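This report refers to the structure that appears directly beneath it.
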């Protein structure tokens with residue numbers, strides 16, 4: 001359950017326990033590319049286990065009335081323990097004492113942006129000190145060599161196919177904004193003004209490749225495009241997100257400290273379903 005504590009009447013008006021999820025958690029999920037591309041799993045537990053099926057059960061053709069051979073699925077599991085992400089910000093006492101929805105929104109949006117940015121950086125990165133390990137730390141990820149430049153959708157088709165060979169369906173491509181800009185300028189054919197990238201009519205600002213959304217994230221290294229199947233990638237988010245407020249640490253400057261604690265972890269139970277597209281050279 002979300003929690004909040006305070007030391008002044010004005011601050012207490014600015015935040016209530018019911019505000020925490022609406023002001024921080026939900027906006028952070030919307031702002032985070034990683035949490036949009038993956039399956040977010042809220043939990044009250046310290047850790048969460050995800051099964052890994054290493055080999056499916058094997059059926060047999062048998063005669064009527066004959067014994068059916070027993071075949072067990074070979075499985076393993078990964079344990080995801082959400083890591084602590086702490087955000088500390090300082091605001092003026094005047095803003096803290098302003099109980100208006102607009103003032104709450106300003107404070108909440110700032111914390112949510114920071115949470116989303118930190119989660120994305122860890123998710124698309126390698127290892128994070130005191131934090132969860134990201135996509136670059138995984139072994140067993142499939143790859144597609146894009147060469148020095150992408151001039152058509154063939155490499156995207158290759159990525160979709162590689163995921164399909166292991167029973168996965170790519171739901172999101174994620175790339176650095178600079179790479180998406182480059183792709184946006186590529187035309188379908190010489191002399192054509194029709195862009196290589198498509199658009200989703202229901203979301204005019206969203207680009208698509210072969211019908212799959214292509215989403216920008218500065219957390220992705222330039223030159224890399226991730227092909228992600230949402231149902232094979234998990235972000236575990238603890239439900240006990242908290243906001244604690246104190247006016248003691250900055251007493252001499254008449255300011256208020258706001259500390260937000262969020263816990264998140266990543267689970268990649270099927271590495272082979274992920275495809276990294278990059279220039280292998």
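Numbering (full-length UniProt numbering), first residue to last: 1 to 281.
We put the CB at the ideal spot given by N, CA and C, even for glycine.
All figures in this text were calculated on a predicted structure; none of them were measured in a lab.
Those residues which DSSP pairs with residue i across a bridge
{"i": "residue 275", "result": "142 and 227"}
{"i": "residue 213", "result": "208"}
{"i": "residue 76", "result": "52"}
{"i": "residue 195", "result": "187"}
{"i": "residue 238", "result": "43"}
{"i": "residue 86", "result": "261"}
{"i": "residue 92", "result": "255"}
{"i": "residue 174", "result": "215 and 226"}
Unbroken alpha helix (DSSP H) run spanning residue i, endpoints
{"i": "residue 68", "result": "Segment: none, residue 68 is in no alpha helix (DSSP H) and carries neither H nor E."}
{"i": "residue 182", "result": "177 to 184"}
{"i": "residue 161", "result": "154 to 164"}
Residue range of the beta strand (DSSP E) that includes residue i
{"i": "residue 256", "result": "255 to 267"}
{"i": "residue 29", "result": "Note, residue 29: premise wrong, no beta strand (DSSP E); alpha helix (DSSP H) at 26 to 31."}
Integer Cβ distance of residue i from residue j, believed to fall under 8 Å
{"i": "residue 209", "j": "residue 198", "result": "7 Å"}
{"i": "residue 265", "j": "residue 81", "result": "6 Å"}
{"i": "residue 79", "j": "residue 47", "result": "5 Å"}
{"i": "residue 260", "j": "residue 24", "result": "6 Å"}
{"i": "residue 170", "j": "residue 132", "result": "Not confirmed; about 22 Å, so no contact."}
{"i": "residue 257", "j": "residue 246", "result": "5 Å"}
{"i": "residue 262", "j": "residue 85", "result": "5 Å"}
{"i": "residue 134", "j": "residue 122", "result": "5 Å"}
{"i": "residue 212", "j": "residue 33", "result": "With 8 Å as the limit, residue 212 and residue 33 do not qualify as a contact, their Cβ atoms being about 14 Å apart."}
{"i": "residue 219", "j": "residue 112", "result": "Residue 219 to residue 112, Cβ: 16 Å. No contact."}
{"i": "residue 126", "j": "residue 137", "result": "5 Å"}
{"i": "residue 267", "j": "residue 124", "result": "Not quite, the Cβ-Cβ distance comes to about 15 Å (not below 8 Å), so this is no contact."}
{"i": "residue 279", "j": "residue 145", "result": "7 Å"}
{"i": "residue 115", "j": "residue 87", "result": "6 Å"}
Closer than 8 Å: residue i CB and nearest the ligand GDP heavy atom
{"i": "residue 153", "result": "No copy of the ligand GDP appears in this structure; indeed no ligand is present at all."}
With three or more C-beta pairs closer than 8 Å as the rule, is the region 230 to 246 touching the region 178 to 195?
no
How about the region 263 to 277 and the region 134 to 145: do they share at least three Cβ pairs that are nearer than 8 Å?
yes
For the 8 Å Cβ check, are there 3 or more pairs between the region 159 to 174 and the region 217 to 231?
yes
Contact between the region 60 to 67 and the region 143 to 159 (3+ Cβ pairs under 8 Å)
no
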